[in-house]
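Notes for the one structure printed next.
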């Protein structure tokens, strides 16, 4: 479903399981950079809420120009977070769930050796 | 353990569970922005690998100047990703696991109503 499955291979090393190499840190930072724009996060959330979205229906709610929205959608697609499919005159976008799962794993607060389920479940041993 | 527990309240709405408001998107984007620098990711990974780290021992492996490392550590602490504690003449840093768990939840590929365990387990229904 993702148009750019190779990019899924690049990212994402677990951030907290051991010292990252420079290359690993750059790959992971690049994905976070794509996510560091509020308009892009709103676009992702709108596509997720709709199941799939045409670019044409995203311009108005996000309150940006059509070229800006197209640019953001292209960046999100290139980062493997959205997949795109042309149908007739419109391009439709969907979330790529595996990419978000990979990011979740990269952010696991415990080393990879422990179960990732423990780190996402509600009863973590952390005292805050 | 976190010195700035209030910041944990601000972030992080689930990105893919429904359309984010502008304010929610800005809060979440701000955290990703802090994570969008490779040197900061390397610092986080080094602190995690060591359990806790003194700023003094992070300068050389990350290959940046002491003021630059201090700036990055301050940004990571302000974002609630690191906690800091002064002991004698040095400041020691630790990962704030709950902050990473919150980010993992924000990136869950399914709406919050479904179990977060399903979204992190290896057998997602996604075809990539």
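Chains as they are written, first to last, in this note's numbering: chain A, 3 to 130; chain B, 3 to 130. Each residue gets a CB set at the ideal place from its N, CA and C atoms; glycine is no exception. None of the values given here were measured: they were computed from a predicted structure.
Neighbour list for residue i in chain B, Cβ cutoff strictly below 9 Å
| i | result |
| --- | --- |
| residue 96 of chain A | Chain B residues near residue 96 of chain A: none, gap ~11 Å exceeds 9 Å. |
| residue 17 of chain A | 37, 43, 46, 47, 50 and 102 |
The alpha helix (DSSP H) enclosing residue i, as first and last residue numbers
| i | result |
| --- | --- |
| residue 85 of chain B | Note, residue 85 of chain B: premise wrong, no alpha helix (DSSP H); beta strand (DSSP E) at 84 to 89. |
| residue 39 of chain A | Counting along the chain, residue 39 of chain A falls outside any alpha helix (DSSP H), and DSSP gives it neither H nor E. |
| residue 15 of chain A | Where residue 15 of chain A is concerned, there is no enclosing alpha helix (DSSP H), given that its DSSP letter is neither H nor E. |
| residue 81 of chain A | No alpha helix (DSSP H) holds residue 81 of chain A; DSSP gives it neither H nor E. |
| residue 134 of chain A | The displayed coordinates of chain A run from 3 to 130. Any statement about residue 134 of chain A would go beyond what the structure contains. |
Chain-ordered chain A contacts of residue i [CB-CB under 7 Å]
| i | result |
| --- | --- |
| residue 20 of chain B | 47 and 51 |
Where residue i meets chain A, residues with beta-carbon distance less than 8 Å
| i | result |
| --- | --- |
| residue 24 of chain B | 40 and 44 |
Identity of the residues DSSP links to residue i by a beta bridge
| i | result |
| --- | --- |
| residue 56 of chain A | A:94 |
Cβ shell of residue i (< 7 Å), same chain only, five flanking positions each side left out
| i | result |
| --- | --- |
| residue 41 of chain A | 64, 66 and 74 |
| residue 26 of chain A | 15 |
7 Å Cβ cut-off: residues of chain B touching residue i
| i | result |
| --- | --- |
| residue 78 of chain A | Result: empty, since nearest Cβ-Cβ is about 12 Å, beyond 7 Å. |
| residue 68 of chain A | Here the premise fails: no neighbours, minimum Cβ distance about 19 Å. |
Same chain, Cβ closer than 8 Å to residue i, five either side skipped, listed in chain order
| i | result |
| --- | --- |
| residue 22 of chain B | 15 and 30 |
| residue 48 of chain B | 55, 60, 63 and 64 |
| residue 43 of chain A | 37 |
6 Å Cβ shell around residue i - same chain, five flanking residues per side excluded
| i | result |
| --- | --- |
| residue 77 of chain B | 36 |
| residue 50 of chain B | 97 |
Proximity test, Cβ basis, 8 Å: residue i and chain E
| i | result |
| --- | --- |
| residue 112 of chain A | Of the chains in the structure shown, none is chain E; the protein chains are A and B. |
Interface residues of the region 27 to 47 of chain A facing chain B [CB-CB below 7 Å]:
Under the 7 Å Cβ criterion, the region 27 to 47 of chain A contributes 27, 28, 30, 31, 34, 35, 37, 38, 39, 40, 43, 44, 46 and 47.
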